[in-house]
Structures are given as structure tokens and as C-alpha cells.
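Below is one structure, written out as C-alpha cells, with a few remarks after it.
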Ligand SMILES: [Zn+2]
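In UniProt numbering, the protein residues as written are 1 to 464.
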């Protein structure tokens with residue numbers, strides 16, 4: 001159980017958090033403080049004054065600052081308290097907004113960056129009590145666990161809790177539905193678009209994605225939008241448990257980049273979240289979790305009527321240009337694992353490569369099944385497999401899902417194009433019969449020319 005008590009003092013906002021859990025028969029348990037998430041480290045620096053409340057309980061340090069030992073009376077309840085603070089000053093930019101944000105007007109946190117928890121099995125079902133001791137007047141609160149109430153009991157697991165979103169403050173909250181399933185949209189800041197325009201767009205994309213997976217099993221979903229102080233044009237987001245958080249620079253318009261971001265981030269609800277735990281180190285699976293998500297973000301926008309086929313073709317051409325111009329295009333997966341967080345070109349590579357492999361596999365499945373199956377069937381089969389037998393999402397699991405539809409083992413593809421970094425050639429029929437890949441031959445002067453798709457002028461009705 002967590003009890004949250006907001007403290008507004010001297011124009012600053014902090015959060016007192018009590019953690020209650022049942023002590024075990026052994027009389028001790030490891031306690032984990034937030035440590036690392038995405039590009040953030042030493043998240044435990046946001047945790048202050050951690051101390052026991054229950055009698056006979058004490059805390060011991062270990063060699064790791066993020067791990068403590070809790071000694072307690074066997075089989076008795078354990079109660080601890082800490083204060084969460086925002087430990088950074090300055091602008092809300094990419095380097096800061098993934099840490100806990102606690103400003104005088106609002107807060108935004110993700111489980112992994114602010115919750116202290118006993119070290120238990122991350123996947124074990126967990127019934128968790130969430131309580132707010134008080135709510136500042138006029139504040140809106142929302143989280144990954146459905147409509148807000150001051151006291152709630154939620155069904156989750158530690159893993160889902162780590163990825164859950166908590167927001168509060170001067171957000172404007174819109175309540176929508178997709179086929180009776182609630183979706184909350186929480187927005188703060190002023191934008192060139194209205195709140196309703198944003199919510200309409202997000203719902204349209206989300207609905208198309210749920211149709212793609214034939215899955216509307218989302219008892220709740222939360223979308224948050226906060227303005228950052230990044231330079232104009234910067235936008236980012238992160239897909240979380242039944243939620244997604246968008247970080248937009250002021251002046252962001254409801255245009256292609258934002259549509260792509262929404263489509264991409266909300267697809268993560270399936271890939272990888274519903275498909276299984278990403279094999280570790282997870283960077284080695286980004287070709288699938290990020291690359292295939294990138295491929296489907298485009299697909300979804302076309303299917304939702306938010307991108308024309310000409311725009312789609314241009315977007316694929318941009319992808320081809322980025323891939324062939326990448327200084328690390330032939331890097332193997334081992335190098336991606338090592339350099340992902342320190343090298344921008346390396347960070348982009350799994351997206352590009354995965355996206356191109358998805359295009360190829362989709363075209364091959366369409367061809368070998370004479371149009372009866374597509375990569376969509378692979379995605380639905382991965383979802384069905386994960387429901388039947390939850391587990392680790394690794395290359396073998398992906399390969400097993402692709403094989404029945406493509407009619408061959410694709411592990412050699414993964415070995416060549418992903419693990420070794422062999423240059424991936426795009427199939428000429430990757431965009432169907434509406435676009436040709438040109439040029440397919442090297443130029444006479446020996447210079448490398450970039451493959452690009454050209455729309456066939458005579459063809460109409462080129463929906464994917
Ligand atoms: Zn992503």
C-alpha cells in the first residue's frame with residue numbers, strides 16, 4: 001500500500017509517501033529505491049528522509065545506494081516513509097523530464113522513477129492499495145489505474161507498477177471512450193490546437209490500433225500532454241502501463257510529427273508490453289520493439305486516414321535515405337547494445353533496420369499467401385501466444401510467429417540483418433503495386449545511389 005500526502009510549502013511541491021507491506025517470516029527483506037530509467041541515473045537522489053514507522057523496524061545500507069535491507073519483526077506489518085522531491089533545477093527538457101517532476105502547479109511521475117518497493121517477484125500479481133491523504137484544491141489527479149478516487153485497490157504487478165504514470169495539478173481532463181472502454185486525456189499548457197482536437201486525433205489513432213490487434217481489452221487508458229522547454233519542434237513520448245506521456249515543445253502543431261509520435265507510442269501497449277518481457281539486454285530487441293513499431297505507426301496513420309499514400313511513400317523514402325546515410329548502418333547488434341545510449345546514430349539504427357525488415361517480411365507474406373495474410377497476422381499471433389503462454393519476447397519468439405505465415409524460418413534473416421548488420425535490401429514490391437523502387441542498379445559512374453520509391457502515376461486507390 002502507498003499513501004501519498006502532497007506538501008505545498010514555500011512555492012514548492014513535495015510528496016510524502018508511506019509504504020506499508022506485510023512482513024515475512026524471515027524478518028528481513030531487500031528494499032529497492034529508484035535507480036535507473038531510460039537516460040536517467042541515480043534516481044534515488046529524489047528520495048529523502050527514508051525511515052521506518054513501524055515498531056521494531058530498521059533500515060540498513062548496502063554497498064549499492066539503491067538497495068537497503070529492512071529488518072522487521074517476523075510476520076508483522078512494515079511501514080516506511082519517505083519524501084519525494086524534485087532534485088533538479090532549471091529547464092524542463094529531455095535531460096530532466098524523465099525524472100520526477102514536482103512543480104508548484106503540477107506533478108508527473110512514472111513508477112520506476114519514484115516508488116520505493118520491497119524486492120519481490122516482478123511478475124507476481126499484486127493487489128495494491130493507493131491512497132491520497134489529501135488533494136490540493138482545484139487539482140486534477142489521474143494515473144494508469146483508471147478513474148481517480150482518493151482510496152483505490154488496484155490489481156497490478158511490480159513490473160506494471162514500474163511503468164505506470166501518475167499525474168496531478170492544473171491538467172485539463174477529458175473523458176472519452178472507445179467502444180465503451182474509457183480513455184482519459186490530460187493536457188496542460190496552451191497549444192495551437194484545442195484539447196478536443198487533440199483528444200479526437202488520439203482516439204482515432206488508438207481505435208485504429210485496437211482494430212489492428214483486434215484487441216479492445218483496456219479497462220483504462222491515460223494520455224498525458226505536458227509542455228517542455230525544449231527547442232521548437234522537439235517532441236517525445238513514452239508508452240507506459242495503460243498510458244502514454246507526451247512531452248511537447250511549445251508551439252507544437254497537430255501535424256505529421258505529432259501524429260507519428262502518438263501512433264508509435266500507443267503501439268507500445270502491444271509491442272512489447274502485451275507481447276511479453278523483452279529479452280535482456282533489451283537494446284538487443286529494439287529492432288523489433290522499436291523498428292516494427294515504427295513500421296506500424298505509418299501503417300496505422302494510413303489506415304486511420306491521417307496520411308495519404310503519397311505521404312506514406314515519402315516517409316518510407318526518408319527511412320531509406322536515413323538508413324543508407326547512417327554512418328553505423330552495418331553495425332552489429334552487439335555494438336547497438338553497447339553504444340545505444342551514447343551514440344545518436346546508433347540509437348536510430350534499430351528503428352530504421354526493424355522498419356525495413358518489417359516492410360520486407362510483410363511483402364513476402366503477402367506474396368507467398370497470395371494476399372491472404374500479412375504481417376498483421378503475425379502481430380495478432382504474437383498477442384495470442386503471449387496470452388496463452390506469457391514469457392520472454394526474444395528473436396526466437398518473433399521468428400516462431402512469422403514462420404507459419406511466411407513459410408520459412410526467418411532466424412537466418414535476423415542473424416544476418418540484425419545480429420551481423422549486413423545491409424538490408426528493400427524488396428521492390430515492398431509498397432505493393434502502387435510504387436516502384438528505383439533505381440535498383442548502381443549508377444554508371446560507380447557512385448552509390450539511394451533506392452527510392454516512385455508512385456506509379458496511373459494507379460488510383462492506393463490504400464495499404
Ligand atoms: Zn518507441
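For every residue, glycine included, the Cβ atom is placed at its ideal position computed from N, Cα and C.
**Request:** Can you grab the Cα-Cα spacing for the pair residue 22 / residue 238, in whole Å?
**Result:** Taking the chain shown and counting its residues from 1, one reaches residue 22 at position 22. Taking the chain shown and counting its residues from 1, one reaches residue 238 at position 238. Roughly 33 Å between the two C-alpha positions.
**Request:** Using the Cα positions of residue 277 and residue 457, report the straight-line distance between them to the nearest angstrom.
**Result:** Within the chain shown, numbered from 1, the residue matching residue 277 stands at position 277. Within the chain shown, numbered from 1, the residue matching residue 457 stands at position 457. The alpha-carbon atoms of residue 277 and residue 457 are separated by roughly 45 Å.
**Prompt:** Between which two residues does the beta strand (DSSP E) containing residue 350 stretch?
**Reply:** Along the chain shown, read from residue 1 onward, the residue named residue 350 stands at position 350. Element bounds for residue 350: not the beta strand (DSSP E) but the alpha helix (DSSP H), 344-368.
**Asked** Going along the chain, which residues of its own chain have a beta-carbon closer than 8 Å to the beta-carbon of residue 101, five neighbours each way excluded?
**Response** Taking the chain shown and counting its residues from 1, one reaches residue 101 at position 101. Taken in chain order, the residues that qualify are 86, 92, 107, 108, 109, 226.
**Message:** Can you tell me where the beta strand (DSSP E) holding residue 266 begins and where it ends?
**Reply:** On the chain shown, residue 266 is found 266 positions in, with the first residue counted as 1. First-last for residue 266: 256-267, but that is the alpha helix (DSSP H), not the beta strand (DSSP E).
**Item:** Boundaries (first-last residue) of the alpha helix (DSSP H) holding residue 418
**Value:** Reading the chain shown from its first residue, position 418 is the one you call residue 418. Run containing residue 418: none; DSSP gives neither H nor E here.
**Request:** From the DSSP output, in three-state form, read off residue 547 for me.
**Result:** Only positions 1 to 464 of the chain appear in this structure, which leaves residue 547 out of reach.
**Asked** Roughly how many angstroms lie between the CA atoms of residue 141 and residue 169, to the nearest whole one?
**Response** What you label residue 141 is simply residue 141 of the chain shown in a count that begins at 1. What you label residue 169 is simply residue 169 of the chain shown in a count that begins at 1. Using only the alpha carbons, I get a separation of about 7 Å.
**Prompt:** For ligand 1, is there a heavy atom less than 8 Å away from the beta-carbon of residue 293?
**Reply:** On the chain shown, residue 293 is found 293 positions in, with the first residue counted as 1. The answer is yes for residue 293.
**Request:** Excluding the 5 residues preceding and the 5 following residue 189 in the sequence, name in chain order all residues of the same chain whose CB lies nearer than 6 Å to its CB.
**Result:** As a position in the chain shown, residue 189 is number 189, starting the count at 1. For residue 189, where only same-chain residues beyond five positions count, the Cβ hits under 6 Å are 227.
**Request:** Can you tell me the Cβ-Cβ gap for residue 255 and residue 337, rounded? I've got them flagged as a contact below 8 Å.
**Result:** The count along the chain shown starts at 1 and reaches residue 255 at position 255. The count along the chain shown starts at 1 and reaches residue 337 at position 337. Incorrect: roughly 34 Å between the Cβ atoms, too far for contact.
**Request:** Out of 7, 39, 5, 157, point me to the one whose CA is closest to residue 339's CA.
**Result:** The count along the chain shown starts at 1 and reaches residue 339 at position 339. Nearest option by C-alpha distance: 39.
**Nonlocal neighbours in the same chain, by C-beta distance under 6 Å from residue 306, ignoring five residues either side** = Residue mapping note: residue 306 aligns to position 306 of the chain shown, counting from 1. Once the five neighbours on either side are set aside, the close Cβ partners of residue 306 are 259.
**Request:** Could you pull the start and end residues of the beta strand (DSSP E) that residue 169 belongs to?
**Result:** Counting from one through the chain shown, the residue named residue 169 turns up at place 169. Where residue 169 is concerned, the enclosing beta strand (DSSP E) stretches over 165-169.
**Prompt:** From this set, 20, 54, 139, which residue's C-alpha is nearest residue 129's C-alpha?
**Reply:** Mapped onto the chain shown, residue 129 falls at position 129. The candidate whose alpha carbon is nearest that of residue 129 is 20.
**Message:** Alpha carbons only, please: which of 357, 73, 10 is nearest the one belonging to residue 293?
**Reply:** Indexing the chain shown from 1 puts residue 293 at position 293. Cα-wise, what sits closest to residue 293 is 357.
**Segments assigned beta strand (DSSP E), at least 3 residues, entirely inside the segment 79-128** = 106-110
**Request:** Can you grab the Cα-Cα spacing for the pair residue 117 / residue 71, in whole Å?
**Result:** Residue 117 sits at position 117 when you count from the first residue of the chain shown. Residue 71 sits at position 71 when you count from the first residue of the chain shown. Going from the Cα of residue 117 to the Cα of residue 71 covers about 14 Å.
**Asked** What three-state label does DSSP hand residue 288 in the structure shown?
**Response** In the chain shown, residue 288 corresponds to position 288, counting from 1. Residue state, collapsed to three classes: helix.
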